[in-house]
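See below for the structure under consideration.
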Amino acid sequence: MSDLRTNLQRLADSADPLPVDDDLWQRGQASRRRGQALVVAAVLAIIASVTWSAVLLGTGDREARTASTDVVPGGAIPSRIDDIPSDLEVTTQLDLGLASAAFISSTTSDPVVITATDGVPHRLGLPGWIRDGTELGERVNQSLALSPDGTRLAWQAADSDDGHPVIGVLDLSTGEWKAYAQSPGAGIRLREMSWSPDSAWLAWIADDLPNVQVGRLRPGSAPQSDVTALTANIQDVAVSADGTLVISRPSGGLYEVEGDDATRLTRADGVGAGRFSPDGRQLSLRSGIDPTSFTLDLATGKVLEHPFPAGTFEDAAVLQQGWLDDRLQLLLVQSSAMPDQREMVVTTPTVGPTSTWRRSVGLVEAGPAVDLSLAVDLVPDLDGTSSQQLTHDFGDPFGSDPRDLSWIIGLGVAAAIAVLMALRWLLRRLLG
Numbered sequence: 008m009s010d011l012r013t014n015l016q017r018l019a020d021s022a023d024p025l026p027v028d029d030d031l032w033q034r035g036q037a038s039r040r041r042g043q044a045l046v047v048a049a050v051l052a053i054i055a056s057v058t059w060s061a062v063l064l065g066t067g068d069r070e071a072r073t074a075s076t077d078v079v080p081g082g083a084i085p086s087r088i089d090d091i092p093s094d095l096e097v098t099t100q101l102d103l104g105l106a107s108a109a110f111i112s113s114t115t116s117d118p119v120v121i122t123a124t125d126g127v128p129h130r131l132g133l134p135g136w137i138r139d140g141t142e143l144g145e146r147v148n149q150s151l152a153l154s155p156d157g158t159r160l161a162w163q164a165a166d167s168d169d170g171h172p173v174i175g176v177l178d179l180s181t182g183e184w185k186a187y188a189q190s191p192g193a194g195i196r197l198r199e200m201s202w203s204p205d206s207a208w209l210a211w212i213a214d215d216l217p218n219v220q221v222g223r224l225r226p227g228s229a230p231q232s233d234v235t236a237l238t239a240n241i242q243d244v245a246v247s248a249d250g251t252l253v254i255s256r257p258s259g260g261l262y263e264v265e266g267d268d269a270t271r272l273t274r275a276d277g278v279g280a281g282r283f284s285p286d287g288r289q290l291s292l293r294s295g296i297d298p299t300s301f302t303l304d305l306a307t308g309k310v311l312e313h314p315f316p317a318g319t320f321e322d323a324a325v326l327q328q329g330w331l332d333d334r335l336q337l338l339l340v341q342s343s344a345m346p347d348q349r350e351m352v353v354t355t356p357t358v359g360p361t362s363t364w365r366r367s368v369g370l371v372e373a374g375p376a377v378d379l380s381l382a383v384d385l386v387p388d389l390d391g392t393s394s395q396q397l398t399h400d401f402g403d404p405f406g407s408d409p410r411d412l413s414w415i416i417g418l419g420v421a422a423a424i425a426v427l428m429a430l431r432w433l434l435r436r437l438l439g
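For the sequence shown, our numbering begins at 8 and goes up steadily by one.
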């Protein structure tokens with residue numbers, strides 16, 4: 008290669024230069040400069056299109072981060088509640104502050120609390136929590152209950168030294184928790200817990216075959232508790248602000264627990280004990296299939312009905328979450344039309360001139376909805392307008408961009424190709 012280059016250089020030096028017109032030389036030089044300018048412009052255009060795509064992508068990230076760090080000073084229930092990813096880190100720092108929701112994750116079987124001011128879920132390492140039994144007969148936690156005011160969390164902790172079940176109650180503001188040993192037999196599992204509307208009493212159910220244990224606990228510096236063993240199967244339990252216990256049975260009927268006995272309040276079937284109203288006069292009921300909410304009037308023994316408006320739900324299973332006041336209830340409605348999620352609905356016990364029925368208050372993924380408890384005290388007083396937001400959109404709590412980013416990348420590539428083709432066409436015209 009070097010010999011060929013040397014020979015060509017020798018021939019070029021020995022040849023007479025061809026005469027070139029000055030005007031032609033200048034046009035060639037100008038064309039060369041234009042070509043160089045177009046190349047530079049093409050490079051700059053490609054850089055600009057890539058930068059533009061990056062800016063759009065970065066904007067999405069900033070929006071997501073802003074949404075996930077959105078702060079509501081007084082706290083709010085999220086407008087959407089989803090299960091946590093399985094790789095979310097467990098935290099043992101329990102002084103989380105006010106909470107809006109709590110549930111047992113269907114992906115990890117761990118307790119989850121959503122903080123009320125920022126909508127961020129926290130996977131908790133609660134003392135004594137057992138998420139998967141490794142031995143035959145070992146109990147696994149099935150119940151978790153957040154108080155209506157969002158300040159306390161209850162769960163079944165490790166059994167006491169003598170084998171009795173222990174209820175743990177966590178103060179979310181301080182991160183401190185207390186253990187309250189209960190008196191039923193050893194090794195039993197609490198399968199349901201619920202708080203009174205004033206967040207003072209905690210009711211629970213535990214299977215202790217052939218009996219069912221029903222108990223109540225008033226946690227605090229001077230705790231009160233008692234347990235009743237009943238022989239019949241018990242489905243649900245509710246407790247009022249004065250400590251009154253009401254249970255329901257799958258065979259039908261609602262009963263008030265008094266001492267070692269249970270007195271029937273109604274023979275109604277297809278319903279279960281839900282939540283007491285703050286004044287203790289009414290008990291909202293769980294129900295299935297029928298698109299109607301039911302409420303027991305304790306003074307008359309009548310079951311009040313509020314049929315859902317036409318065109319809303321063709322069928323509905325109703326889980327009661329609590330009362331906003333003595334008139335308004337917060338329901339969690341499951342319909343066959345949306346099997347993967349549940350819808351929050353605010354309603355009154357009956358239909359009338361001043362009744363309320365409002366859907367789309369919030370959405371809950373099916374997994375968390377199974378044992379969800381909400382801090383209903385965080386729902387604002389209704390102002391009578393349909394535009395009022397009763398929950399808050401905190402965005403994606405994990406900071407991922409909810410948008411499909413492929414269109415941004417595609418636009419960036421398309422812009423670069425368009426610029427190159429336009430410059431190629433322009434270059435051909437300039438060069439003749």
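Cβ coordinates follow ideal geometry from the N, Cα and C atoms, glycine included.
Cβ-based burial, residue i [other Cβ within 10 Å; buried from 16]
i    : result
M345 : exposed
A71  : Legend: pLDDT at A71 = 35, less than 50; position of this residue unreliable, value from coordinates given subsequently. The residue in question, A71, is buried, as its Cβ has 16 or more Cβ neighbours within 10 Å.
Q163 : buried
D384 : buried
D90  : buried
P217 : exposed
Q220 : buried
V62  : Any answer about V62 is weak, because its pLDDT of 49 lies below 50 and its placement is not dependable; what the coordinates show is given next. Looking at its Cβ environment, which holds fewer than 16 other Cβ atoms inside 10 Å, V62 is exposed.
I212 : buried
Q289 : buried
R17  : exposed
S201 : buried
T73  : Because the pLDDT at T73 is just 33, under 50, the model does not fix this residue reliably, and the point stays unresolved.
G222 : buried
Q336 : buried
Range of the contiguous alpha helix (DSSP H) that encloses residue i
i    : result
P375 : 373-376
Element boundaries [beta strand (DSSP E), containing residue i]
i    : result
K185 : 184-188
W202 : 196-202
Q231 : 231-237
L95  : It is not in any beta strand (DSSP E) - L95 carries neither H nor E in the DSSP assignment.
T122 : 118-122
L326 : 324-330
H313 : 310-314
A108 : 106-111
H129 : 128-131
S294 : 289-294
I254 : 252-255
G281 : 278-283
D384 : Careful: D384 lies outside any beta strand (DSSP E) and carries neither H nor E.
A245 : 243-246
S258 : Counting along the chain, S258 falls outside any beta strand (DSSP E), and DSSP gives it neither H nor E.
According to DSSP, residues forming a beta bridge with residue i
i    : result
L153 : L160
H171 : Looking at the DSSP assignment, H171 forms no beta bridge with any residue, so it has no partner.
E265 : D268
I212 : E199, V221
D178 : R159
T354 : Q336, W364
S394 : Partner(s): none; S394 has no beta bridge.
R87  : L370
L303 : L290, V310
Q100 : Its beta-bridge partners do not exist; DSSP assigns none.
Candidates the options: closest to residue i by CA position
i    : options                : result
Q450 : H313, Q189, I195       : This structure does not reach residue 450, given that the chain is present from 8 up to 439, and the question cannot be answered.
L261 : Q336, L303, I296       : L303
P404 : T235, V78, L151, A317  : V78
G402 : P85, S113, L339        : P85
A373 : A324, D333, D390       : A324
D243 : R225, D267, G266, D276 : D276
D110 : V173, L101, R130       : Note that residue 110 is Phe in the sequence shown here, rather than Asp. Minimum Cα distance to F110 is reached at R130.
I195 : L311, G308, G132, V173 : V173
E183 : L305, D102, S284       : D102
R256 : A152, L379, A269, P375 : A269
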